[in-house]
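If you're matching them up, the sequences are chains D and V in order. Numbering follows the UniProt record's numbering, with no gaps: position 412 of the first sequence is 412. Numbering follows the UniProt record's numbering, with no gaps: position 201 of the second sequence is 201. Idealized CB from N, CA, C, for every residue including glycine.
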Amino acid sequence: MTLITQVIFVVVMAIPTYLIVKRIRQIRGNILRGKPLDRSDQPAARWKSMLLVAFGQQKMFKKPIPAFLHLLIYVGFLVINLEVMEFMIDGLLGTHRTFAPYLGSFYNVAMNFFEFLALGVLISCVTFLIRRNVIKVPRFTKPEMKGWPAMDGNLILIIEIALMMAIFKMNAADQVLQARGVEGYHDTGRLLISSSLIPIFNLFGTGLLVFTERAAWWFHIVGIMAFALYVTYSKHLHIFLAFPNTYYSNLNAKGKIQNMDAVTNEVKSMLGLPVEAAPANPEEIGRFGAKDAPDLSWKSLMESYTCTECGRCTAECPANLTGKTLSPRKIMMDTRDRIEEIGQGKGEGKSLLGDYITKEEINACTSCNACTEACPINIDPLAIILEMKRYVAMEESGSPASWNAMFANIETNFAPWKFAPSDRFKWAEELNNEKK
Amino acid sequence: MSETTIKAPTVAELQSKGESPEILFWVGCAGSFDDRYKRVTIAFTKILNHLGVNFAVLGPEESCTGDPARRAGNEFLFQMQAMSNIQLLDMYQVKKIVTACPHCFNTLKNEYPDLGGNYEVIHHTTFLQEMLNNGRLKIAGGDYKGQKITYHDSCYLGRANGVYEAPRELLKSLDADLVEMKRCKTKGLCCGAGGGQMFKDAEKGNKEINIARTEEALDTGAKVIAAACPFCMTMMSDGVKNKEKEQDVKVKDIAELIQESMG
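The following block contains the structure:
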């Protein structure tokens, strides 16, 4: 019998593993559709950013309550995976609680610790469900959250609750079986949280208990694999991508805008300046700025998959706060939806700018960096907005009329306003008048 | 100060005498043309004179840094401006630049190096803080002692470049009662003018950003809203006017507050 379950176990693990690997390749391929951007410098600073921001959750603590609840889930996720290791070994070898005989009384300590974390995860998930659906925290109820995004958020929380409940059920049934002296159930000692379910399980016959214990075990391990696959199609992908995303963070001052070297070469030749190190085989310049998702850098595309739609960016965005259509979170969601569509070979004739994101949205951006500051994992929606503004200004000449007037003023008067350049120093006359 | 003349020499003038300034005061377009902001330029010039700083301005040779063009997407125009400014600055062998405009500051400091323009660039609040710390600048206090002042963080000074403390230290040196708005420092709310917004109407919404920000400033009960950016100055002044509070609440640049309180 055990051999059959071992074979079933291997098959049940192999199918989602295959699908996950396939999906990861797909996502990687989509990210690499983006334009090159060199983020390989300063490895020490990059590791530091990853350790502090992703591993250490540094930026989460701007909001202490969600930060604490999120931390419980995060630590629970990391630590309970140790228990999953035992699940894997048991599944493969057909054993039951492989580690119990070896760890002695420490096994009880470990299991109690896992149960304590599982309870923490459970409480956090329930609180998060209440925040989303009952209290309706404003950032979860913006227009871009209607439909699937809201459902996605709830599903993740419900799945996590179900997975944690399975641990408790499994442990409670196991303890009753131990007490009844059924063969093959190692002494785990008293498990503080799950033992509160013992009165219920005491009513079960031994056969039903064995079934319950096994069912909970399978539910947990299969659930984890199914969840891992689901994650790759969900906003929840941040649990993995937060790490590379913070490693490849923008390390420059937030106010600095990335230079367009292709433009530099053109401007230099226009001004009659020597063009340094002209590339031997000039790369095709393509488009100035971004009209569609592949015109963005790979980092922007990676960020779109990393975004977990928490909406802290949008909650801080001055344009959004004053009722404009711009929402930095929507920019990230649209970018991901569009690159996914392209990856599936669909949506020909469509583009990110126009079909997903409107000029009205991007024009409202004050480039104040509130969104990039607010993001707990260093996502930069401003980079995407800027690339689109560049496309509109340079490829379409489609900027708002008053911006075009401002451009013309800078060109002719060397100031964004229509003043004579010769009047630029007039303030000095006022200085002289004033001091008399 | 009245017995000595206040000077604002141009770099060209100094060069014709075979001299060169230690510091270039980059005035910026708002500082040159905006009637309200010209008073900040004048206040800062008076401070530089008072401190005996060897400085000069570019005067009629100065030109827009290109910041609003770049942020509105016109990279060509930005780079044209940047490269001609860099040629001029390099011709005058400028090493150190001080400016009252956070947009000029950010662009000169962070963006010109990519195009070959490398200078030490500081904002006037950092410059004044240094002068205060090394004892050259002495504040007599007086007018603003105990007065409620709130400081509006400029995005391009704060979040963009991490300058949060210099303006606050200067205000504290006035013995003023510095009160913070609901949103401040890293969480500061934009005045609504950055990213080229100064030069066009806002998109449709339910409120103007500057009104929202002014409400936060007025909520503190401060009598003075201190700004450190020409765009913030305009937006906050408009907001105060909109709320019909211009009799009770003044919007002032930190340089003006310091100049009024100098010994």
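Quick one: is residue i near chain V, going by C-beta distance under 8 Å?
i, result
"D:N259", "yes"
"D:V53", "no"
"D:K142", "no"
"D:V392", "yes"
"D:E411", "yes"
"D:F414", "yes"
"D:S402", "yes"
"D:I322", "The sequence shown places Thr at residue 322 of chain D, rather than the Ile named in the question. Output row for D:T322: interface = yes."
"residue 440 of chain D", "Examination of residue 440 of chain D is not possible in this model, given that chain D is present from 1 through 436 alone."
Could you please give the first and the last residue of the uninterrupted beta strand (DSSP E) stretch that includes residue i?
i, result
"V:L24", "I23 to W26"
"V:D177", "D177 to V179"
"V:T220", "Neither: V:T220 is in no beta strand (DSSP E) and is coded neither H nor E."
"V:V98", "K96 to T99"
Is residue i helix, strand or coil by DSSP?
i, result
"D:L273", "coil"
"D:I135", "coil"
"D:T366", "coil"
"V:D153", "coil"
"D:K299", "helix"
"D:D334", "helix"
"D:D38", "coil"
"V:E3", "At V:E3 the pLDDT is 47, less than 50, meaning the model places this residue with poor confidence; the figure from the coordinates comes in the next sentence. In this structure, V:E3 counts as coil in the three-state DSSP scheme."
"V:E215", "helix"
"D:T206", "helix"
"V:A56", "strand"
"V:E120", "strand"
"V:A226", "strand"
"residue 269 of chain V", "Because residue 269 of chain V is not part of the residues shown, which for chain V are 1 to 263, the question remains open."
"D:M388", "helix"
"V:I139", "strand"
"D:M88", "helix"
Please confirm if residue i has its CB atom under 8 Å from at least one CB of chain D.
i, result
"V:S32", "yes"
"V:F25", "no"
"V:K17", "no"
"V:L257", "no"
"V:P60", "yes"
"V:C29", "yes"
"V:F199", "yes"
"V:T41", "yes"
Between which two residues does the alpha helix (DSSP H) holding residue i run?
i, result
"D:E360", "K359 to N363"
"V:Y253", "Per the sequence shown, residue 253 of chain V should be read as Asp rather than Tyr. V:D253 -> not in any alpha helix (DSSP H); beta strand (DSSP E) instead, spanning K250 to D253."
"V:H124", "H124 to N133"
"D:I239", "H238 to Y247"
"D:I156", "W148 to A179"
"V:K46", "D35 to L51"
"D:V53", "Here D:V53 belongs to no alpha helix (DSSP H), and DSSP marks it neither H nor E."
"V:M91", "E75 to M91"
"V:A69", "D67 to R71"
"D:E144", "Premise fails: D:E144 is in no alpha helix (DSSP H) and is neither H nor E."
Can you give me the C-alpha to C-alpha distance between residue i and residue j, rounded to a whole angstrom?
i, j, result
"D:F113", "D:W218", "21 Å"
"D:K254", "D:D90", "50 Å"
"D:G189", "D:D174", "11 Å"
"V:D238", "D:A405", "22 Å"
"D:P400", "D:K389", "11 Å"
"V:C184", "D:A226", "44 Å"
"D:S234", "D:E309", "10 Å"
"V:E169", "V:K182", "19 Å"
"V:Q15", "V:L108", "22 Å"
"D:L382", "D:T372", "7 Å"
"V:G116", "V:I97", "16 Å"
"D:F407", "D:P416", "7 Å"
"D:D187", "D:F61", "41 Å"
"V:G59", "D:I410", "17 Å"
"V:P9", "V:E19", "11 Å"
"V:C190", "V:T214", "11 Å"
"V:V53", "V:D153", "27 Å"
"V:S2", "V:F199", "Reliability fails at V:S2, whose pLDDT of 47 lies under 50, so the model's placement of it is uncertain and no value is given."
"V:G221", "D:I339", "49 Å"
Can you give the beta carbon distance from residue i to residue j, rounded, assuming they're within the 8 Å contact cut?
i, j, result
"D:T314", "D:K142", "6 Å"
"D:I31", "D:M302", "5 Å"
"D:A166", "D:G223", "7 Å"
"V:Q81", "V:S63", "6 Å"
"D:A100", "D:F168", "In fact, because the Cβ distance is near 18 Å, the residues do not count as touching under 8 Å."
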